[in-house]
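Right, one structure below, let's go through it.
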């Protein structure tokens, strides 16, 4: 569950950048948007910040404690598209010594995404 | 991928608290532990902090931007066990108005875990 400053804007980014589908969306009694999204079969939630509940966004904390990892068929194209839609490069895509072609972006809400695929003939293990 | 101050200690906690299995573990050339763990079929990584690479732990940031959600058969027992192993309660387990029996803990590394199951006869959607 990713906490963001503005869930409506963040959800729109994940749809545009990663072709995320919206599974559900509701607003809590205290006014926070909570949405379940899915990128292919991988589900995650996007939730408005609520500091009283210890749900704090990267914008407020000045960084993030977790990164999401996407395994995709064409990471160069996915990364280029995610940046074109408003992400920023943390490190550029390249063949990495740990056996992946991978790059990393920060999305407009400040969450970080690794975008990659195994090098060589390997398929993702899951 | 969860960034922590001390991956070795954190991995041990996830094994004890959540019966996580260790899929792999290696040490980067700059000395950070990177481990892949799995709770049943759900995989995640635990990685030592490396601020130069923008991998920052909850301890360093003073909070966390993401929470993990565990759907389990007996959330009361799982939550009690996770606290006995060193976690702290963020909110106690209870029947929540959004249709789940759920509680929330902070683990010793500062990452937050929701522990719950759907109320009534519903089964988890995944």
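Protein chains in written order, with the working numbering: chain A, 1 to 126; chain B, 127 to 252. Glycine included, each C-beta is placed from N, C-alpha and C at the ideal position. Source: prediction; values computed, not measured.
Taking the CA atoms as reference points, residue 101 (chain A) sits about 12 Å from residue 77 (chain A).
In the structure shown, residue 245 (chain B) adopts coil according to DSSP, grouped into three states. Residue nearest to residue 17 (chain A) within the set A:118, A:24, A:71, A:82 is A:82 (criterion: CA-CA distance). Among the bridge pairs identified by DSSP, residue 168 (chain B) is matched with B:165.
The beta strand (DSSP E) runs of length 3 or more contained entirely in the segment 17 to 86 of chain A are, from start to end of the chain, 21 to 27, 33 to 39, 42 to 48, 67 to 71. Around the beta-carbon of residue 40 (chain A), fewer than 16 other beta-carbon atoms lie within 10 Å, marking it exposed. For the options B:225, B:229, B:224, the alpha carbon positioned closest to that of residue 216 (chain B) is the one of B:229.
Taken through DSSP and simplified to helix, strand or coil, residue 221 (chain B) comes out as strand.
Residue contact with chain A for residue 198 (chain B): absent (no Cβ-Cβ distance below 8 Å to any residue of chain A).
It is roughly 33 Å from the alpha-carbon of residue 181 (chain B) to the alpha-carbon of residue 222 (chain B).
Cβ proximity to chain B below 7 Å picks out 43, 54, 56, 57 from the segment 38 to 57 of chain A.
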